[in-house]
Amino acid sequence: LADTLAVRPQLQQCAWHMLAFREGHAPVPHINLNDDGNQYSILFVLGNFTTAYLVLPQLGIQIPLHPGQLLFINTRHLAHHTTYFRGTRYVFSGLMDANLCKDYRKTVA
């Protein structure tokens with residue numbers, strides 16, 4: 377890491393954005409403990425699939441998911457999962473890692 381920071385000093389004292397990719401669905405309710413609780417994650421849904429739902433049990437709601445949809449959700453605090461669907465579904469998740477954000481906040485404080 378030290379070599380990378382030496383070559384690219386613009387990365388120092390910055391929160392790093394992360395991108396996760398998933399094919400399929402997450403049928404078990406969960407929270408993302410590694411996501412920063414002060415940030416929203418971005419979910420971008422693609423593919424050719426029948427309607428699936430993003431379920432937020434704490435809020436008692438189900439959000440229909442369609443290809444091309446963009447969602448903002450605090451995945452650290454809200455439990456979530458998806459319902460079954462037929463077809464191929466891809467999800468790109470943009471998130472902020474909790475440890476990187478914690479370190480960043482220390483440097484700017």
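Residue 478 in this note's numbering sits at position 102 of the sequence shown, with consecutive numbering throughout. Built from N, CA and C at the ideal position, the CB exists for glycine as well.
Residue range 463-472 is occupied by the beta strand (DSSP E) that includes tyrosine 466. Shortest Cα-Cα distance from glycine 423 to any of Asp473, Arg465 and Thr458 involves Arg465. In the DSSP assignment, glycine 423 falls within the beta strand (DSSP E) that extends over 417-425. Counting C-beta atoms within 10 angstroms of its own C-beta, leucine 419 has 16 or more neighbours from the protein chains shown and is therefore classed as buried.
In the three-state DSSP reduction, valine 431 falls in the strand class (E or B). Comparing alpha carbon positions, the residue from His456, Gly444 and Thr426 closest to glycine 436 is His456. Listed as beta-bridge partners of threonine 451 by DSSP are no residues whatsoever.
Non-local beta-carbon contacts of leucine 446 in its own chain, meaning distances under 6 Å to residues more than five positions away in sequence, involve Phe420 in chain order. For glutamine 445, there is no enclosing beta strand (DSSP E), as DSSP marks it with neither H nor E.
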